[in-house]
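What follows is a set of notes on a single structure, which appears directly below.
Protein chains in written order, with this note's numbering: chain B, -15 to 357; chain Z, -15 to 357; chain W, -15 to 357; chain E, -15 to 357.
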């Protein structure tokens, strides 16, 4: 249940304090406050959580400052695409880059930072090909406690400095603990905020709700959340909603394959057929991660790598962001080398993506024309 | 283990009879003979099955008429794409239509024949749009014994007659028992063979090895075999190999989604990322069945149906055949109406496919050029 | 929809012929007739299949000889356990052995017959331990066409003869084609019917509906049908219902593990937690197949094989039949040797089963007593 | 790679500092130190993590204080059951209760604390039936952000106070963030440590490695870690190993069913066939959670609930701990009411468990006797 308060309700005011006291008395009910501060008006929503079935709309309506009471019936209340004329935004801008259900951004980069040299070679190549986004892994969750876990905060200074040097505007970077957000913020400030960071929640933490809440509370960095393996799509979309209910609505949802042996010989079962589904159910831009889905550099008889093929599949169905592993020297990469693309493949990759994107645009244009008749 | 016999070995000759007697004596060994009758030469291969580990190549080499002994080490011996220079054909022709790993054929049609009128409307529309292939279901395997099971042989006469009338050259038709092949053959002959039939093995019969052997023994009709749900891709490809070892090498392999709730809200988990995989592992043309994979007429916010999107995904990665459900009146279809496309969507569908196919051709052309440098 | 006809309706009579003619005229409707011939009365049921939603009960009620019209609303009409006082039998007898939801029968034997010697050693051991049932595989469906497929009909004479010699009353034997039923019947007759056969439908044929219908039409042999992997339990129970609607109600349902890597390191994911579920949903005796579920001879630190543990799990929850692989010389078995138990383990196996069965009986006795208070 | 140092190596000594400096210079290598402080001797192990393939045993052997160098080849180095004579302990004691691969402890209790009254009724019933362990959920991870998330720290004072009052020695309590450990510790101290707590890591956090590391660093509370759904058993066991490498070896591993529709109509696919597997692969006591596995109160025709049946299955195969939901008033429980057992079912439940445990003990006794011969 959501209480939409009167515009410009004062969070220090007497009415607000009365409201708080009344809410605190409701048995089995917790609440969470979301404020959207605009230039002219501040909107406040109070989310009631718990046994709300026991409450009536009438009972809530009479509380001070309450303008409207809404029972949450549709799923993904904040990020969802609701029935009948949901014209809320399906895009956002961050550090000069726009992310929406209508854009396409490529995040080619290192799965795991392993040296300053790798980072520099990668970013140099990106700049040479007109790219302004990348992925850089500093904190790596690994299945075995005996495997390399990433350089963590220690690599951030040179990663950010080089990003500035080569004109990178947004770096997707996985975090596995809320303290990493502070480390990232501090490292950015220390070198003068030369770039931006999109926080990435990996598939092992999709339902790490405490992390989601902490990351959702800050609105400085946008968040890319990966679909969880082993759970339904609905559960993963609810996880994204955790970010949004805490206040951060700059959220990208990323498909990365599901873990089942039915996907063999790929490492995971590629799920990019869900690109149009996520766009229908929510207003989030949809990312695809072909590297972890496919997990190999196998090549079809037509000369194209499987990784290229699944990227084309995602893009021709409208994917908005591609998270893809490259490495200057895959044989010596510390994590997931076998699936990384070579720097010499960056040009062919971008050209291949462009053909698929052109196909998507022709398809939707034709659909609009046919509907118009 | 495979014994390749000397060319033109006489199946009535004395040597052959000696060979047969010797093979019969091998403990725990069965064998199967495959003859390829060419215009100038007849080739014979004998497949030894069972405990062949106990046999030596030398021991077999000295048997009469044996020219060469090959231990089967690579999987999918007949249909597979083997390492290093496998230049065996990856296409075949049937009734004037070519099916290969380089072609694209659309089989739009009825999931289940429910009346002569539906069939005629469908075929008329196909002809009007230049199509010469279709799908028509007469024998329907149904989960519940209390559901409609298809009209069976009784609808074949008008289906075939109308196919002739509207210039249809190949009908994909599921069979669930070997007797259906005889019924189809008889019905075709009865009306003067006005069209051709591609026998279809459904996902519930992918490992019905007795059916595969019977269908493999005949070489009159090509066979489209669907991937089995619940089994690995490797097991499904082995099932296709059953057809081939019996002699029928005109085999198309069809992806149709895997059954798991991870595919929700689609009916099945769309598996078209395996298009390049099947082309790499075997020389079979690869079909996709978007209707049963997706199972709904849900539409993305960009105006395109999910079914259109997954078809585009299959085609841009090189799919060779599309099996797709249409119906003149889906609301009254007896089987799987909800997922059928409307006849008015045939033109948009074909246009959409053409864009994706164009994308695939541009992608492979570019890949060839880049490799050439 | 089911038409229950008046008792002793004459299948040659005029009324019946009129009924048949009327049913033939119903559009989109097929029907199937089931006759239960008792000592005093013959009952006839007509199952209407297809678009029965278009029919009314009233319309059917007035047809000649129709005593009652029942809309099928509950699943598994014939084999199901329906709500409120379903007191139909949940057991049957065959060749002097009783199979029910309250009995426990052990079918230890050979996964695949590989020699007369193996069969004799096995049966001798069974007799020595008081067993009268066994499993013997003659027809083996194999994933690869290049693997040993069983000796088929050729081994039946000595298998049946030895069964007679060692007092075996029922042999569970997989069939993969309807012709195998004829071969089995002929071989039994040829040696004077010294034993009985329970036909077994394997997991690859669970939805081979043509085979189910053929096997369901005969009522001579009972049928054990295995759960299909890759399909839901509901779909597998519907497959069993196919047997029953054709007339054969002597059906045992067998759990054999589901195929998913989540079951690793076992070969399949053991599903014996569904023993009470199948007993609640249907009136079929429930079998378990620990050998194919577990697939290894791994042993726990407590000294017991995993195979023993999962058998105990099935039995303590009420399993009624155990299908388990033994072999006199597993190292040389042609099929699935690694999972076979040794003849020296037969005594410990039976003792272990007895402890678990005793546990089940104590548990249900206690439950009855506690309910009685 | 593990460096076993000389006994009583001084962590302040010169040798140690030299060693540290040398380790810091190894490229791509991180390390972690584990000290086991005994009454007479302190043992120190240094785990090298990362690209250890580049290191040689010889190179490490010569470093100061290094007594032995071990390449980690066997999985689950700390918790695993290694080949050949692994006689390390497979049990531990906590607050007067012993947990081992040979014991059986029942943790009946509330899935989620919802009122002081529920807690008191529950604990009273436990004491009346001689129980000294329970489960009490304060922090509840919920799929939807709009659902009740538990009372958190606010309920701890009365939960612990009542535990003391009713003689409860160990409470299993899920935590989802490291701060919860501090809250629990503080609340225990505030009321004079009247009881003990076993920290519980839920299935959504099985691969929340940061949480595992934090919880592993403290050795005050033992930890029960649940198997992760959607990942392999091997991956879940590796997650448990994270706890151990940080120093906490009081770890219980809990099976709780896998999430797949193949388990329908149960909520999850019950995986208690893995009880003997986990005991073979590791030295951890194995817990089972029947409530979340089964997820319903469905009852078999023999009068026993499915929950009782799967518990019996786990126990007869050697399960060591049962985590089971009870509630004084399930209809009004805030979380997972439908699957909770009634307080009136506590006696029947314990009796049923006792029969299964007796079965397990008879089975292993017999196995030992038969081996002895």
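In this text, a Cβ means the ideal position worked out from N, Cα and C, and glycines have one as well.
(request) Assuming residue 304 (chain E) contacts residue -13 (chain E) (C-beta within less than 8 Å), just tell me the rounded distance between them. (result) Contact flag wrong, Cβ pair sits at about 33 Å.
(message) For residue 79 (chain B), would you say it is in contact with chain W, using Cβ-to-Cβ distances shorter than 8 Å as the test?
(response) no
(message) Would residue 148 (chain B) pass as an interface residue toward chain E - the criterion being a Cβ-Cβ separation below 8 Å?
(response) no
(request) Starting from the beta carbon of residue 131 (chain B), find every residue of chain E whose beta carbon is closer than 9 Å, and list them in chain order. (result) 33 and 34
(request) Spatial neighbours of residue 60 (chain B) within its chain, please: CB distance less than 6 Å, with the 5 preceding and 5 following residues excluded, ordered by chain position. (result) 221, 225 and 266
(request) Give me the Cα-Cα distance between residue 249 (chain Z) and residue 108 (chain Z), rounded to the nearest whole angstrom. (result) 34 Å
(request) Taking C-beta pairs closer than 8 Å, name the residues in chain W that residue 245 (chain B) reaches, listed in chain order. (result) 244 and 245
(message) So if I threshold CB-CB distances at 9 Å, which residues from the region 12 to 32 of chain W count as touching chain Z?
(response) 12, 13, 14, 16, 31 and 32
(message) Here's the rule: buried if 16 or more other CB atoms are within 10 angstroms of the residue's CB, otherwise exposed. What is residue 163 (chain W)?
(response) exposed
(request) Just the chain W side, please: which residues come within less than 7 Å of residue 347 (chain E) by C-beta, in chain order? (result) The contacting residues are 288, 296, 336 and 339.
(request) Can you say whether residue 1 (chain Z) is buried or exposed, counting buried as having 16 or more other CB atoms within 10 angstroms of its CB? (result) exposed
(request) Check whether the Cβ of residue 330 (chain B) lies closer than 8 Å to any Cβ atom in chain E. (result) no
(request) Entirely within the region 131 to 186 of chain W and at least 3 residues each: give me those beta strand (DSSP E) ranges in chain order. (result) 154 to 159 and 180 to 185
(request) Identify each residue in the region 205 to 228 of chain Z for which the Cβ-Cβ distance to at least one residue of chain B is less than 9 Å, and report them in chain order. (result) 213, 214, 215, 216, 217 and 218
(request) Please report the Cβ distance between residue 149 (chain Z) and residue 134 (chain Z), rounded to the nearest whole angstrom; I am assuming they are in contact, meaning their Cβ atoms lie under 8 Å. (result) 22 Å between Cβ atoms; not a contact.
(message) So, with DSSP's three-state summary, where would you put residue 52 (chain W)?
(response) Residue 52 (chain W): strand per DSSP, three-state reduction.
(request) Pull out every residue of the region 116 to 144 of chain Z whose Cβ sits closer than 8 Å to any Cβ of chain W, in chain order. (result) 125, 126, 127, 128, 129, 130, 131, 132 and 133
(message) Is residue 192 (chain E) close to chain B? Criterion is C-beta to C-beta, closer than 8 Å.
(response) yes
(message) Between the region 275 to 290 of chain E and the region 308 to 324 of chain W, can you find at least three pairs of beta-carbon atoms closer than 8 Å?
(response) no
(message) Whole angstroms are fine: how far does the CA of residue 137 (chain W) sit from the CA of residue 146 (chain W)?
(response) 15 Å
(request) Quick one: list the residues of chain B neighbouring residue 355 (chain Z), beta-carbon separation under 8 Å, in chain order. (result) 287
(request) Please report how far the alpha carbon of residue 64 (chain B) lies from the alpha carbon of residue 307 (chain B), in whole angstroms. (result) The alpha-carbon atoms of residue 64 (chain B) and residue 307 (chain B) are separated by roughly 23 Å.
(request) Give, in chain order, every residue of the region 156 to 169 of chain W whose Cβ lies closer than 7 Å to some Cβ of chain Z. (result) Taking a C-beta cut-off of 7 Å against chain Z, the contacting residues of the region 156 to 169 of chain W are 160 and 161, listed in chain order.
(message) My parser needs the alpha helix (DSSP H) runs of 4 or more residues fully inside the region 262 to 293 of chain B; what are they?
(response) 274 to 278
(message) Within 8 Å, do at least three Cβ pairs link the region 32 to 50 of chain Z to the region 5 to 15 of chain Z?
(response) yes
(request) Counting only the same chain and skipping the five closest in sequence on each side, list residues whose C-beta sits under 7 Å from that of residue 128 (chain W). (result) none
(message) On a Cα-Cα basis, can you pick out the residue from W:252, W:270 and W:300 that is closest to residue 406 (chain W)?
(response) With chain W covering -15 to 357 only, the question about residue 406 (chain W) has no answer from this structure.
(request) Please work out which residues of its chain come closer than 6 Å, Cβ to Cβ, to residue 247 (chain E), disregarding the five sequence neighbours upstream and downstream, and give them in chain order. (result) 253
(request) Flag this pair as yes or no: are the beta carbons of residue 94 (chain W) and residue 51 (chain W) separated by less than 8 Å? (result) no
(request) Determine the chain Z residues that contact residue -11 (chain W) at a beta-carbon separation under 7 Å, and present them in chain order. (result) The contacting residues do not exist; residue -11 (chain W) stays about 18 Å from chain Z at best.
(request) Assign residue 347 (chain E) to buried or exposed, taking buried as 16 or more other Cβ atoms, counted over all protein chains shown, within 10 Å of its Cβ. (result) buried
(message) If distances are taken between C-alpha atoms only, which option among Z:97, Z:105 and Z:104 comes closest to residue 121 (chain Z)?
(response) Z:97
(message) Does the structure place the region 193 to 208 of chain E close enough to the region 253 to 263 of chain E that three or more beta carbon pairs sit under 8 Å?
(response) no
(request) Anything in the region 271 to 282 of chain Z with a Cβ closer than 8 Å to a Cβ of chain B? List those residues in chain order, please. (result) 277, 278 and 282
(request) Any chance you could list the alpha helix (DSSP H) runs of at least 4 consecutive residues sitting entirely within the region -1 to 51 of chain B, in chain order? (result) 41 to 45
(message) Starting from residue 208 (chain E), trace the alpha helix (DSSP H) in both directions and tell me its first and last residue.
(response) No alpha helix (DSSP H) contains residue 208 (chain E), which is instead part of the beta strand (DSSP E) from 207 to 210.
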